[in-house]
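Following UniProt numbering, the numbering of the sequence shown begins with 1 at its first residue and continues without gaps. Below is one structure; the comments refer to it alone.
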Amino acid sequence: MKLRFEEKSDISAKDPCVVIQAERLSDQAREVMDYLEQFSVVNQVVIPIKTDDHLVMVKIDDIILAEIDKNVLTIYTVNNTYTMRETLTNFQHRINRRSFLQISRHAVMNIDHLESLSDSFSGNMMAKMTGGVKSSVSRKYVKSLMDYLGV
1 MKLRFEEKSD
11 ISAKDPCVVI
21 QAERLSDQAR
31 EVMDYLEQFS
41 VVNQVVIPIK
51 TDDHLVMVKI
61 DDIILAEIDK
71 NVLTIYTVNN
81 TYTMRETLTN
91 FQHRINRRSF
101 LQISRHAVMN
111 IDHLESLSDS
121 FSGNMMAKMT
131 GGVKSSVSRK
141 YVKSLMDYLG
151 V
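Here's what the structure looks like:
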């Protein structure tokens, strides 16, 4: 793969244009495009959390864990816990960060807040995070978590 930079005065520094040229749209080209697409949202620093009676702006980096139970999403942050009505899938799309990993059908964890992992029942693991927040890592998601951690 060859890389080069071209300076163009008619393109804004805040909204650069990236062009990928190849003989055909290969898997490698798709991977590069998917990777670069993440950076269009990475600049988002805060996310609005709508609770029953107010709207709170929360720093994405402060979010420790989000878990769903009976259509209620609970978001654990460094300073507070918020509950709202939103699907876990929609929440994941809104945050769109690589540091958030799905650890069960019901939970997404910010890996930057992971403090320790310990064995639990039936191949599951228990994740301990910032502020004493704990959540079970389903055995279905243990391998992807370990791969992400490089273990």
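A virtual CB, placed ideally from N, CA and C, is assigned to each residue, including glycine.
Can you give me the C-alpha to C-alpha distance between residue i and residue j, rounded to a whole angstrom?
| i | j | result |
| --- | --- | --- |
| F91 | V72 | 12 Å |
| I60 | E6 | 33 Å |
| V42 | L36 | Caution is warranted here: a pLDDT of 48 is assigned to V42, below 50, making its placement in the model unreliable, and the coordinate value is therefore given only provisionally. Their Cα atoms are separated by approximately 10 Å. |
| L117 | M129 | 9 Å |
| I111 | K70 | 24 Å |
| L65 | G131 | 11 Å |
| K8 | A22 | 22 Å |
At which residues does the beta strand (DSSP E) containing residue i begin and terminate?
| i | result |
| --- | --- |
| M84 | T81 to M84 |
| D69 | I63 to D69 |
| M109 | A107 to N110 |
| I47 | V46 to K50 |
Taking the alpha carbon of residue i as the point to measure from, which residue in the options has its own alpha carbon closest?
| i | options | result |
| --- | --- | --- |
| T51 | Y82, I63 and Q44 | Y82 |
| N124 | L114, V133, S135 and R139 | R139 |
| R94 | M33, R4, I47 and R24 | I47 |
Since I believe residue j is in contact with residue i (beta carbons under 8 Å), could you give me their beta-carbon distance rounded to a whole number of angstroms?
| i | j | result |
| --- | --- | --- |
| I49 | I75 | 6 Å |
Determine which residues share a DSSP beta bridge with residue i and list them.
| i | result |
| --- | --- |
| K134 | K128 |
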